[in-house]
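If you read the sequences in order, they're chains V and R. Quick note: the first sequence uses the working numbering, first residue 1, plus one each step. Quick note: the second sequence uses the working numbering, first residue 169, plus one each step. No residue lacks a Cβ here, since even glycine has one placed at the ideal position from N, Cα and C. All remarks here apply to the structure that follows.
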Amino acid sequence: MLLSLVEPSFGLIFWMTLSFLAVLFILAKFAWKPILNGLKEREASIADALNEARKAREEIAAMNARNEDLERAAREERELLLKEARDIRDREIAGAKEKAKAEAEAMLERARAEIRNEKSAAVADIKMLVGELSVEIAEKLLREKLTDDATQRALVDRMLKEAEARLS
Amino acid sequence: MSVKALLRLTSLMFGSLFMGPLMAQHEGHDHAQATHAQAHVASGTAGHAPAAEKFNAGKLIMDHIGDEHGWHLWGHTSLPLPVILYDTQRGLQVFSSARFDHGHATHGGYALVDHKVVAVDAHGQLDEAATKRIWDISITKNVLSLFISLAIILLVFISVARAYSRRVGQAPTGLQNLVEPIILFVRDDVAKSAIGHKYEKYMPYLLTAFFFIFLNNLMGLVPFFPGGANLTGNIAVTLVLALITFVIVTVNGNKHYWGHILAMPGVPAWVLAILTPVEVLGMFLKPFVLMIRLFANITAGHIIALSFFSLIFVFGETNAGAGYGVSIMSLAFTVFMTMLELLVAFIQAYVFTFLSAMYIGAAVEEPQHH
Numbered sequence: 001m002l003l004s005l006v007e008p009s010f011g012l013i014f015w016m017t018l019s020f021l022a023v024l025f026i027l028a029k030f031a032w033k034p035i036l037n038g039l040k041e042r043e044a045s046i047a048d049a050l051n052e053a054r055k056a057r058e059e060i061a062a063m064n065a066r067n068e069d070l071e072r073a074a075r076e077e078r079e080l081l082l083k084e085a086r087d088i089r090d091r092e093i094a095g096a097k098e099k100a101k102a103e104a105e106a107m108l109e110r111a112r113a114e115i116r117n118e119k120s121a122a123v124a125d126i127k128m129l130v131g132e133l134s135v136e137i138a139e140k141l142l143r144e145k146l147t148d149d150a151t152q153r154a155l156v157d158r159m160l161k162e163a164e165a166r167l168s
Numbered sequence: 169m170s171v172k173a174l175l176r177l178t179s180l181m182f183g184s185l186f187m188g189p190l191m192a193q194h195e196g197h198d199h200a201q202a203t204h205a206q207a208h209v210a211s212g213t214a215g216h217a218p219a220a221e222k223f224n225a226g227k228l229i230m231d232h233i234g235d236e237h238g239w240h241l242w243g244h245t246s247l248p249l250p251v252i253l254y255d256t257q258r259g260l261q262v263f264s265s266a267r268f269d270h271g272h273a274t275h276g277g278y279a280l281v282d283h284k285v286v287a288v289d290a291h292g293q294l295d296e297a298a299t300k301r302i303w304d305i306s307i308t309k310n311v312l313s314l315f316i317s318l319a320i321i322l323l324v325f326i327s328v329a330r331a332y333s334r335r336v337g338q339a340p341t342g343l344q345n346l347v348e349p350i351i352l353f354v355r356d357d358v359a360k361s362a363i364g365h366k367y368e369k370y371m372p373y374l375l376t377a378f379f380f381i382f383l384n385n386l387m388g389l390v391p392f393f394p395g396g397a398n399l400t401g402n403i404a405v406t407l408v409l410a411l412i413t414f415v416i417v418t419v420n421g422n423k424h425y426w427g428h429i430l431a432m433p434g435v436p437a438w439v440l441a442i443l444t445p446v447e448v449l450g451m452f453l454k455p456f457v458l459m460i461r462l463f464a465n466i467t468a469g470h471i472i473a474l475s476f477f478s479l480i481f482v483f484g485e486t487n488a489g490a491g492y493g494v495s496i497m498s499l500a501f502t503v504f505m506t507m508l509e510l511l512v513a514f515i516q517a518y519v520f521t522f523l524s525a526m527y528i529g530a531a532v533e534e535p536q537h538h
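The structure is reproduced here in structure tokens:
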């Protein structure tokens, strides 16, 4: 009985070889091929989908980074513009002040020169007037001399007074 | 005849290797039984055996795990199966196994002794010379079971394949959902890990072998028709499976593989004198061990489960109460064993497929330069 257990029977070997190989070939062609291809395709499509999702995520992240860069650049530019504007304003104010001061200075100088000129003209006028007056007085004195001293003196005083009045 | 001689040689090798002492004990017993059966046939009586036959646990177990012409369904009812014989002298002979009446009758010069078809002469005596001329390709219980399991596999996987082509890129449903994890397991954990990037070519064999072994292991656990045949625990079936693995390995072996077997590189010549015969022997031993492992594991599982059941009847014969008492324990143990066998059914299918993949992997591996 035990011997028959380990003695492979010819019939079973025959049928097993025949039917197993037949089934193997049928399955290989009509079952395993479509199944394995289907699995592979599905795995590929899942991997693709995951890859695409990752790519999209990366793109969004890159876009965000780009946006932030742009924003920062814009902010920096604004800062720069503001600073420049401030500088220009400061410079302008300083320049205007400088100019105003110089003009005031020049005006003062001109005024002083005018005063000096006026003064010298006035002095020349006075000199001429004093000369004329002196000549007038001397003329009058020469005419009044003939009368008396007191009258002469009164005459001189009066003339001086007149001259003073004209001068002031 | 040479094939038959080879089969006999294989079984003798087993006899001497594993079951030497057992054989010695049983040989005489077997012989006695055979002659008893012959005498029975010779007497020509078609009567049934005596009703008060003593319960023989060994015979029950061996009958169950062996093969038979006809499939015992229940009680005295069995399904007769076609007997197909090719007699080198008389040509093809086809008739129902019912004609043998469970070994009690002869038909057309043939008789059934120990579930084997033998030739008998006109007086019902065993004709050794004529028996040697018989090539028995009957549809036995195991062959029918083989056909049923292969039909199930074909149906299941072709319908699953249709689901894959119909629902491209979509989530699996139903039967597809059931087998997909196993297919992925065989592909990723067996083929890819053992063979590497060239795994695709060997997927059909690995998948077919895995599902064939797994399904038949499970069907062997079902105690009634169409289960109950001990197909993966039959040496002929495991022999064919191991042979296919051997052929695939040998045909696909590359220069690197043969170089390692015939002349291991970097080994001195005097060591090669020892190593090469060992490697060549190993080439044949690997599939041989594949064959034995599956056969022994599944058969052992059946023997243990049946032994627990037999205990009921062994005790029941001495005392009916003892029989009922033991049945509780036996049932508990059988349930436990069946649970274990469910695990073994998967593990053995995995081990066979994985080792086949490993051998294929070793045969197609490219030399690695470190």
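Contacts with chain V at 8 Å (Cβ-Cβ) include A404(R).
Around the Cβ of Y370(R), a 10 Å sphere holds 16 or more other Cβ atoms; the residue is buried. Pairing L280(R) with I320(R) gives a Cβ-Cβ distance that is not under 8 Å.
When DSSP states are grouped into helix, strand and coil, F393(R) belongs to the coil group.
For the options S306(R), G388(R), A225(R), the alpha carbon positioned closest to that of L260(R) is the one of S306(R). In terms of Cα proximity to Y367(R), the closest of A287(R), Q536(R), Y527(R) is Y527(R). Annotation for A530(R): the continuous alpha helix (DSSP H) segment containing it runs 488-532.
P394(R) and W239(R) have their C-alpha atoms spaced approximately 9 Å apart.
Fewer than three beta-carbon pairs drawn from the region 330-340 of chain R and the region 301-317 of chain R are found closer than 8 Å, and the two stretches are therefore not classed as touching. Against chain R, the CB of E52(V) has no partner CB under 8 Å away; the residue lies outside that interface.
Taking CB atoms only, G396(R) has no neighbour in chain V less than 8 Å away.
When the Cα atoms are used, G292(R) and D235(R) turn out to be separated by approximately 24 Å.
Listed in chain order, the non-local C-beta contacts of P340(R) below 6 Å within the same chain comprise E348, local neighbours out to five positions each way being set aside. Neighbours of W303(R) in chain V, taken as residues whose beta carbon is under 7 Å from its own, are F10 in chain order.
Within its own chain, the residues whose Cβ lies closer than 6 Å to the Cβ of G388(R), once the five positions on either side in sequence are excluded, are N398, listed in chain order. Residue-level contact check: Y527(R) does not touch chain V, since none of the beta carbons of chain V fall below 8 Å from its beta carbon. A Cβ-Cβ distance of about 38 Å is found for the pair M16(V) and V494(R), leaving them out of contact under the 8 Å criterion. M451(R) sits buried, since 16 or more C-beta atoms from the chains shown fall within 10 Å of its C-beta. Looking at the backbone, the Cα of R143(V) and that of A154(V) are separated by about 14 Å. Taking C-beta separations shorter than 7 Å and ignoring five residues to either side along the sequence, the partners of G277(R) in its chain run A287, V288, following chain order. Exclusion of the five residues before and after S313(R) leaves A397, L399 as the residues of its chain whose Cβ lies within less than 6 Å of its Cβ. Here H244(R) is exposed, its C-beta having fewer than 16 other C-beta atoms within 10 Å. Annotation for A290(R): no alpha helix (DSSP H) segment contains it, and DSSP assigns it neither H nor E. Between the alpha carbons of V23(V) and L318(R) lies a gap of roughly 7 Å. Looking at the backbone, the Cα of L386(R) and that of A513(R) are separated by about 6 Å. The beta carbon of I229(R) is closer than 8 Å to those of H470, I471, L474, S475, S478 in its chain, skipping five residues each way along the sequence. Nearest CB-CB separation between A31(V) and chain R: below the 8 Å threshold.
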